[in-house]
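To start, the structure itself, in structure tokens.
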Amino acid sequence: MNYPKIPLAQTVVQLCKVKNIKHIVISPGSRSAPLTIGFTEDDFFTCYSIVDERSAAFFAMGIAQNIKHPVALVCSSGSALLNYYPAIAEAFYSHIPLVVLSADRPEYLIGIGDGQTINQPEVYKNHILYSANLKLDLEDTPKRKSDDEPVIIKNIENRLERFLGLKQEIQEANEEDINLAINKAIVKNGPVHINVPFEEPLYDMVQEPTVTPKVIAPQEIPQKIDTTELKDLVDDWSNASKKLVLVGVNPKDSIDERWLNDLAEDDSVLVFTETTSNLHHKAFFPSIDKIIWPLMDDELEQLQPDILVTFGGLIVSKKVKAFLRKHQPKHHWHIDTVAANDTFFCLDKHIKMSPNSFFSTFIPKLTHHRKSDYKTTWKAVKKHRKQKHNSYLEQVPYSDFSVYNKVFQALPDHSVMQLSNSSTIRYSQLFDVNKTIEVHCNRGTSGIDGSMSTAVGFGSSTTKQTIFITGDLSFFYDSNALWNNYIPENFRVILINNSGGGIFRILPGHKNTSNFDRFFETKHELTAKHLCEMYGFEYNTAENLGELEESLNNFFNTSNQPKLLEVFTPRTINDEVLLNYFKFIK
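The numbering used here numbers the first residue of the sequence shown as 84 and each following residue consecutively.
Rendered as structure tokens:
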């Protein structure tokens, strides 16, 4: 087997291998050649070649989202790694593990006017768990004479012992930094950056590795709670008559069903879930906005909990945020091994455990359920909203609302639904989702920039059918996601094209002006037809509910190429339909 000749490249590749980082997403470049050689010459790794670094990073994030283990990104020097930044920020806030391996020029070539050269160390400073700036292998240090040549190099002269000692020190320091970075990605579930300087020549290879790096195992975060603290929590819970459990982005099947049943059986507990919560129980309250949006202030006071328990990632619903910021609970506990956001400005307890570990410790300590009419009251509201929801669907005109309803009903069992941001994720909150379906959306920074690339990455790493549902701006913004050789034949895209950023028609603003159309809604006449022809997708269209139903009948069937269904909806009535919906369901 071939290995890169440069020991530093060997070190990085070997430590990725021993830490079971199998998926390597590579964007072509010259300075990164030693890393590319190391990964692609070893059959242990599954390597992907994706030219667009922004799309490549989201693609890697989609794989990591699925396998729940770090995925490595390899890029050349210069602006290449800056294009990773949107995905790095998303992974940071969504707690998704990525290992960025950026090649760099030696320090003496930085700041002298060479091309493809920027200040790469700490480039992701505010959105990274750890930055490792590795040292150049000593034999690769520049031979040129100059006044600013490192003093330590001048003093080495021909003293071999000292040279070998310094070389070993550099190798050990690099090994320690690489171990630390990858371990952080594994344990804390987030992105890390390893900046790797290489001196030319870059393409030389050897038949045997010349280094055997030291391996430092990651230290898992302990899953336990202090006995006194647990007792206090149990006492507070037992004495409260109104408890609200609010679940954000959450992996499917991560909570044992028995703990969900216990929460569901307690009349003093409401469990509010979002589409991305991946939790289902007939006693829970999905579609939070359906419950909260029509409520008056006195009704919100009745809903105000004594204790709020949150777990999972970020919350989509702006209404529930506004409600809990104004009507704050006495206690807010957040359950997470790493981080706790004070989203409602009343956080008083960060329980550093996984939700499942906490509930398995906490719930058996509860000896009785507090008598309360909290759930009974809001169960009646939930029933009323559902009836009104169904009545509205019988009279709603053809629009985004009616299209999303049909699409969510048609999704096949045991598939994966990836949602784009903006309107799509918000519409999904209003409809019941098949409980066998796994739901994902990039809700760390909630940007539209890489939703489709993430979906493609997820789809490439699972045997389940992955279905990406998106609005038009998200789709066209990330159209390079289709420039990808790893899209499976069962991958599906449903594109709801209303000719602009429909979300801005719903938000407060001066609509129906040329300024609004151009700078906010971004009115356009683009379609996906030619993109599908170029990238080998089967292209389908629908312009009314009859055509949509007919297209959906066989859209998810087995095929020899991925498919895209473009659904054209009216541009100007969607906001009225949605706002009237919330008035109607009250």
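Just so you know, even glycine gets a beta-carbon here, dropped at the ideal spot from N, CA and C.
Just to confirm my understanding: we take LEU329, look at its own chain, exclude 5 residues before and 5 after, and list those with CB closer than 6 Å. What are they?
Counting from one through the sequence shown, the residue named residue 329 turns up at place 246. Around LEU329: PHE355, THR393.
In the DSSP assignment, find the unbroken beta strand (DSSP E) run with TYR481 in it and report its ends.
Here residue 481 refers to the residue found at position 398 of the sequence shown. Careful: TYR481 lies outside any beta strand (DSSP E) and carries neither H nor E.
Quick check: the Cα distance between GLY533 and GLU258, rounded to an integer number of angstroms?
Looking up residue 533 in the sequence shown gives position 450. Looking up residue 258 in the sequence shown gives position 175. Computed Cα separation, rounded: 33 Å.
With H, G and I counted as helix, E and B as strand and the rest as coil, what does DSSP make of THR310?
Looking up residue 310 in the sequence shown gives position 227. In the structure shown, the three-state DSSP call for THR310 is helix.
Helix, strand or coil, according to DSSP, for TYR176 in the structure here?
On the sequence shown, residue 176 is found 93 positions in, with the first residue counted as 1. It is helical.
Thinking C-beta only, is ASN272 closer than 8 Å to GLN203?
Working through the sequence shown from its first residue, we reach residue 203 at position 120. Working through the sequence shown from its first residue, we reach residue 272 at position 189. Against a cut-off of 8 Å, the Cβ pair of ASN272 and GLN203 comes out as no contact.
Measuring only the C-alpha atoms, how far is PRO377 from ARG468?
The residue given as residue 377 occupies position 294 in the sequence shown. The residue given as residue 468 occupies position 385 in the sequence shown. Those two C-alpha atoms are separated by around 10 Å.
Starting from PRO117 and walking both ways along the beta strand (DSSP E), at which residues does that stretch end?
For this step, residue 117 is matched to residue 34 along the sequence shown. It is not in any beta strand (DSSP E) - PRO117 instead sits in the alpha helix (DSSP H) that spans 116-123.
Exposed or buried, which one is TYR286 when buried takes at least 16 other CB atoms within 10 Å?
Walking along the sequence shown from the start, residue 286 turns up at place 203. Classification of TYR286: exposed, given that the 10 Å Cβ count is below 16.
So, does the stretch 108-121 touch the stretch 183-203, judging by three or more C-beta pairs under 8 Å?
yes
Quick check on the burial criterion: 16 or more other C-beta atoms within 10 angstroms. Buried or exposed for GLN148?
One-based indexing of the sequence shown puts residue 148 at position 65. Classification of GLN148: buried, given that the 10 Å Cβ count is 16 or more.
Considering only the beta carbon of each residue, do TYR457 and LYS325 sit closer than 8 Å?
Looking up residue 457 in the sequence shown gives position 374. Looking up residue 325 in the sequence shown gives position 242. A contact, by the Cβ cut-off of 8 Å.
How would you call GLN512, buried or exposed, if buried means at least 16 neighbouring beta carbons within 10 angstroms?
Along the sequence shown, read from residue 1 onward, the residue named residue 512 stands at position 429. Its Cβ being crowded by 16 or more others within 10 Å, GLN512 is buried.
Taking the C-alpha atoms as reference points, what is the distance between ASP483 and ASN581?
Your numbering for residue 483 matches position 400 in the sequence shown. Your numbering for residue 581 matches position 498 in the sequence shown. Answer to the nearest angstrom: the Cα atoms are 8 Å apart.
Using a Cβ-Cβ cut-off of 7 Å (strictly less than) and excluding sequence neighbours within five positions of PRO87, which residues of its own chain qualify?
One-based indexing of the sequence shown puts residue 87 at position 4. Closer than 7 Å at the Cβ level, and outside the excluded window around PRO87, lie GLN93, PRO117, ILE120, GLY121, MET288.
For GLN290, name the three-state secondary structure that DSSP assigns.
For this step, residue 290 is matched to residue 207 along the sequence shown. Three-state DSSP puts GLN290 in coil, outside helix and strand.
Within 10 Å of its beta-carbon, does PRO480 have 16 or more other beta-carbons around it, so buried, or fewer, so exposed?
Taking the sequence shown and counting its residues from 1, one reaches residue 480 at position 397. Exposed, since its Cβ has fewer than 16 Cβ neighbours within 10 Å.
Can you tell which of ASN517, LYS518, MET535 has the C-alpha that lies nearest to the C-alpha of ASN525?
Here the question's residue 525 lines up with position 442 in the sequence shown. For the options ASN517, LYS518, MET535, the alpha carbon positioned closest to that of ASN525 is the one of MET535.
Going by beta carbon distance, what residues of the same chain come within less than 6 Å of LYS335, once the five residues before and after it are set aside?
The sequence position of residue 335 within the sequence shown is 252, counting from 1. The answer, listed in chain order, is ASN361, GLU521.
Give the secondary structure of MET745 by DSSP, where H, G and I count as helix, E and B as strand, and everything else as coil.
In the structure as shown, the chain begins at 84 and stops at 669. Residue 745 is therefore absent and cannot be evaluated.
If you reduce the DSSP assignment to three classes, tell me which class CYS429 lands in.
Residue numbering aside, residue 429 sits at position 346 when the sequence shown is read from its first letter. Looking at CYS429 - three-state DSSP - the assignment turns out to be coil, as it is neither helix nor strand.
For GLU255, which three-state DSSP category applies?
Residue mapping note: residue 255 aligns to position 172 of the sequence shown, counting from 1. Helix.
Give me the DSSP bridge partner(s) of GLU626.
Counting from 1 along the sequence shown, the entry for residue 626 is found at position 543. In DSSP, GLU626 forms no bridge with anything.
Using the Cα positions of GLU291 and LYS448, report the straight-line distance between them to the nearest angstrom.
Counting from 1 along the sequence shown, the entry for residue 291 is found at position 208. Counting from 1 along the sequence shown, the entry for residue 448 is found at position 365. GLU291 and LYS448: Cα-Cα distance of roughly 58 Å.
What's the C-alpha gap between ILE235 and SER110?
Here residue 235 refers to the residue found at position 152 when the sequence shown is read from its first residue. Here residue 110 refers to the residue found at position 27 when the sequence shown is read from its first residue. Residue placement at ILE235 is poorly supported in this model, since its pLDDT is 48, which falls under 50; the coordinates are not used for a value here.
Kindly indicate which residue of LYS466, VAL157, ILE552 has the alpha-carbon position closest to the one of HIS523.
Counting from one through the sequence shown, the residue named residue 523 turns up at place 440. That would be ILE552, whose Cα lies nearest to the Cα of HIS523.
Once DSSP output is grouped into helix, strand and coil, what is the label at PRO204?
Here the question's residue 204 lines up with position 121 in the sequence shown. Looking at PRO204 - three-state DSSP - the assignment turns out to be coil, as it is neither helix nor strand.
Does DSSP classify ARG509 as helix, strand or coil?
Stepping through the sequence shown from its first residue, residue 509 is reached at position 426. Looking at ARG509 - three-state DSSP - the assignment turns out to be helix.
Spatial neighbours of ASN85 within its chain, please: C-beta separation below 6 Å, excluding the five flanking residues on both sides.
In the sequence shown, counting from the first residue as 1, residue 85 sits at position 2. For ASN85, the CB contacts under 6 Å within the same chain, skipping 5 residues up- and downstream, are GLU124, MET288 in chain order.
Classify PRO305 as buried or exposed, calling it buried when 16 or more other Cβ atoms lie within 10 Å of its own Cβ.
Residue numbering aside, residue 305 sits at position 222 when the sequence shown is read from its first letter. Exposed, since its Cβ has fewer than 16 Cβ neighbours within 10 Å.
In three-state DSSP terms, what is ILE236?
Along the sequence shown, read from residue 1 onward, the residue named residue 236 stands at position 153. Reliability fails at ILE236, whose pLDDT of 49 lies under 50, so the model's placement of it is uncertain and no value is given.
Between which two residues does the beta strand (DSSP E) carrying ASN671 extend?
Not covered by the structure: residue 671. The range shown for the chain is 84 to 669.
Are there 16 or more other CB atoms within 10 angstroms of the CB of THR311, so buried, or fewer, so exposed?
As a working note, residue 311 is residue 228 in the sequence shown. The residue is exposed, with fewer than 16 neighbouring Cβ atoms inside 10 Å.
Taking LEU343 as part of the alpha helix (DSSP H), name the residues at either end of that continuous run.
Translated into positions along the sequence shown, residue 343 becomes position 260. Run containing LEU343: 340-348, per the alpha helix (DSSP H) assignment.
What's the C-alpha gap between PHE639 and PHE541?
For this step, residue 639 is matched to residue 556 along the sequence shown. For this step, residue 541 is matched to residue 458 along the sequence shown. Distance between the alpha carbons of PHE639 and PHE541: 17 Å.
Rounded C-beta distance between GLU173 and GLY527? I'm assuming under 8 Å.
Position 90 of the sequence shown, counted from the first residue, corresponds to residue 173. Position 444 of the sequence shown, counted from the first residue, corresponds to residue 527. Indeed, because the Cβ distance is near 4 Å, the residues count as touching under 8 Å.
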